[in-house]
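Trainee:
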Amino acid sequence: MATIILPRLLGQATRNGLRQEVDGEDLASALDGLFTREPSLKAHLLDETGSIRQHILIFVDGRRAQLGSAIESSSEIRILQAVSGG
Amino acid sequence: MTRIVIGSEKGGYLLTGDSGGWSVEGPLFPGWKVTAFGRDNGMHLAAVASNWFGVGIHRSEDLVNWEPIDRPPAWPEDSDRKMEQLWRFHHDGKRLWAGVAHAGLFTSTDAGVTWNPVDGLNEHHTRPDWEPGLGGLTAHRILTAGNQVWVAISAVGVFRSDDGGATWSPKNDGVPPVDSPENGPRPEVGYCVHGLAQDAENPMTIWRQDHRGVFRTTDGGDSWVRIENGLPANFGFVMWRDHGSGRMFTVPLESDENRVPVDGRLRVYLSDDRGETWWVAGTGWPDAPQFSGVLRGAFDGDGEGRFVFGTTGGRVWITNDNGETWECLEASFPRIGAVSLL
């Protein structure tokens, strides 16, 4: 199973921690699996149109990923908040 | 012993104490902007927002252990609206209401677990003309009395429903539009209400801190009249009525362009004659200049003489004797946007 690593700010929005195992052939299906287990994360990671929020970056095995990006069972999916002020 | 919860740009904080001293617990939701607090019977609610991660609602029975809800209020996927922030919770005895930005109302009948849009307002025929102000396009104040509901939307105006939220009408006659001369054209929307306070015994009497001044209505918003006698400025965000005494509280700020206390003198102003005349509240104010303002969600009272507000400079002020004496807590916090007395 692939591993999703969430940013620390989402710690209080999860029930199962910041590091979670997910199945899926692409990033979209992996996130769907995460949202089934952690419904509150959907509104935090996707915008009203179902796209990745503007100031979130997702990397799969070190490469910038989109919802259609393929993942493998050994993949590491790292979700980052963009660097911005405040 | 008084307990206060404040929401700031970076986290929420629980304050417990009295004139002998205060303890601070927190931050709750570290790193998150905490935008509103509410209560539905025994359940506490906190709304959070983030530039990165949008809006969330957390529930707690003890203010220590918080659980996120699965689905906070959301706009339809095919709309062009964004859910930027939850500004206000309001419980009317049966339903829990939430005012949000982009402006709209949602209600819950299960203590905030699930939410339904109030379509009569959210899809109002005037919506194409709703334009955001400096604070965004926000539904930030909700009043209820029986089947009547009032909502304040920044840069749009006050709307009233007489049928529990099914249908709504703008109620701004007597208030100048935010971007027109005093006696200029009167569009259906475009009135920038900042705060509302209601007479619980006579709910058709409502006080209004508006972008363009301080007003009162005695007919539920059908007509508004200015009440600014004694105020050093008519701009601000605070409007509060202590229900037990009928005393009014407001905090004037210099102007739209310069949203700080007039001459650096942070002061609450009071009225005991329903807003006809205002004067500086009590004692305890500092001699040193204070250039921090008070935002529209950053105050609360218990209706029995206790009133607390937080400033954009992160300080918390409280009176326990209906405004006669004031205390500033020693602790300071990030910019305060929400205050709730527990």
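Listed in order, the protein sequences are those of chains A and B.
Per my numbering, residue 1 is the first one in the first sequence, and the count goes up by one each step.
Per my numbering, residue 1001 is the first one in the second sequence, and the count goes up by one each step.
C-beta atoms are modelled at their ideal positions from N, C-alpha and C, and glycine is treated no differently.
When the Cα of Pro1117(B) is compared with those of Gly1305(B), Thr1016(B), Ala1103(B), Thr1126(B), which residue comes out closest?
Mentor: Selected option, being the one with the closest Cα: Ala1103(B).
Trainee: Where do the N-terminal and C-terminal ends of the beta strand (DSSP E) with His1058(B) fall, by residue?
Mentor: Per DSSP, His1058(B) belongs to the beta strand (DSSP E) from 1054-1060.
Trainee: Scan the segment 49-66 of chain A for residues whose Cβ lies nearer than 7 Å to a Cβ of chain B and list them as they occur along the chain.
Mentor: Here the close residues are Thr49, Gly50, Arg53, His55, Ile56.
Trainee: Which runs of the alpha helix (DSSP H), 4 residues or longer, sit entirely within the segment 1019-1053 of chain B?
Mentor: You should have found no qualifying run.
Trainee: Please name the residue in Lys1171(B), Arg1335(B), Gly1190(B) whose C-alpha comes closest to that of Thr1205(B).
Mentor: Cα-wise, what sits closest to Thr1205(B) is Lys1171(B).
Trainee: Starting from the beta carbon of Leu9(A), find every residue of chain B whose beta carbon is closer than 8 Å, and list them in chain order.
Mentor: Near Leu9(A) (Cβ distances below 8 Å), the residues of chain B are Gly1031, Trp1032, Ser1050, Trp1052, Phe1053.
Trainee: Who are the near neighbours of Gly1323(B) in its chain, counting only those whose CB is closer than 7 Å to its CB and skipping five residues on each side?
Mentor: Hits under 7 Å: Arg1247, Phe1249, Val1268, Leu1270, Ala1281, Gly1282, Phe1307.
Trainee: Would you please verify whether the beta carbon of Ser40(A) is less than 7 Å from any beta carbon of chain B?
Mentor: So yes, Ser40(A) belongs to the interface.
Trainee: Could you list which residues in chain B have their beta carbon closer than 9 Å to that of Gln81(A), in chain order?
Mentor: Result: Ser1050, Asn1051, Trp1052, Phe1053.
Trainee: Are the C-beta atoms of Glu1077(B) and some chain A residue less than 7 Å apart?
Mentor: It does: the Cβ of Glu1077(B) has a partner Cβ on chain A nearer than 7 Å.
Trainee: Just grab the DSSP bridge partners of Ala1101(B) for me.
Mentor: For Ala1101(B), which the question treats as bridged, DSSP gives the partners Gln1085(B), Thr1138(B).
Trainee: Using alpha carbons as the reference points, say which of Arg1212(B), Asn1202(B), Asn1147(B) lies closest to Asp1163(B).
Mentor: Here the closest residue by C-alpha is Asn1147(B).
Trainee: Quick one: which residues of the segment 8-27 of chain A get their C-beta closer than 7 Å to a C-beta of chain B? List them in chain order.
Mentor: Answer set for the segment 8-27 of chain A: Leu9, Leu10, Gln12, Ala13.
Trainee: Is it true that the CB of Ala13(A) sits closer than 7 Å to the CB of Pro1027(B)?
Mentor: The answer is no: Cβ separation not under 7 Å.
Trainee: Please compile the residues from chain C whose C-beta is within a distance smaller than 9 Å of the C-beta of Ala30(A).
Mentor: Among the chains of the structure shown, chain C does not appear; the protein chains present are A and B.
Trainee: Would you mind telling me which residues of chain A sit closer than 9 Å to Asp1210(B), beta carbon to beta carbon, in chain order?
Mentor: Within chain A, no residue comes near Asp1210(B); the closest Cβ sits about 30 Å away, beyond 9 Å.
Trainee: Taking 7 Å as the threshold (beta carbon to beta carbon), is Ala43(A) in contact with chain B?
Mentor: Judged by the 7 Å Cβ criterion, Ala43(A) is in contact with chain B.
Trainee: Got a sec, what are the start and stop residues for the alpha helix (DSSP H) Gly1120(B) sits in?
Mentor: Taken as a continuous stretch (DSSP letters only), the alpha helix (DSSP H) holding Gly1120(B) covers 1119-1122.
Trainee: Given a threshold of 16 other Cβ atoms within 10 Å of its Cβ, counted over all protein chains shown, does Leu1121(B) qualify as buried or as exposed?
Mentor: Buried, because 16 or more other Cβ atoms sit within 10 Å of the Cβ of Leu1121(B).
Trainee: Taking Cβ to Cβ, would you say Ala28(A) is nearer than 7 Å to Leu80(A)?
Mentor: No.
Trainee: Against Ile1336(B), what residues of chain A qualify as contacts under a CB-to-CB distance less than 7 Å, listed in chain order?
Mentor: What Ile1336(B) touches in chain A: nothing, since even the nearest Cβ is about 16 Å away.
Trainee: For Gly1157(B) and Gln1085(B), what's the separation of their Cα atoms in angstroms?
Mentor: Near 19 Å, if we compare the C-alpha coordinates of Gln1085(B) and Gly1157(B).
Trainee: I'd like the span of the beta strand (DSSP E) that includes Thr952(B), first residue to last.
Mentor: Nothing in the structure corresponds to residue 952(B), since chain B is present only between 1001 and 1342.
Trainee: Relative to the C-alpha of Val60(A), which residue among Asp47(A), Val22(A), Thr49(A) is closest?
Mentor: Out of Asp47(A), Val22(A), Thr49(A), Val22(A) has the C-alpha closest to the C-alpha of Val60(A).
Trainee: Along the chain, where does the alpha helix (DSSP H) containing Asp32(A) start, and where does it finish?
Mentor: Looking at the DSSP string, the run of the alpha helix (DSSP H) that includes Asp32(A) is 27-37.
Trainee: In angstroms, rounded to a whole number, what distance separates the CA positions of His1090(B) and Arg1259(B)?
Mentor: Answer to the nearest angstrom: the Cα atoms are 27 Å apart.
Trainee: Taking a contact to mean a Cβ-Cβ separation below 7 Å, would you say Gly1284(B) touches Thr1325(B) in this structure?
Mentor: Going by C-beta atoms, Gly1284(B) is nearer than 7 Å to Thr1325(B).
Trainee: Can you name the residues of chain A whose CB is closer than 8 Å to the CB of Ile1069(B)?
Mentor: Result: Ser40.
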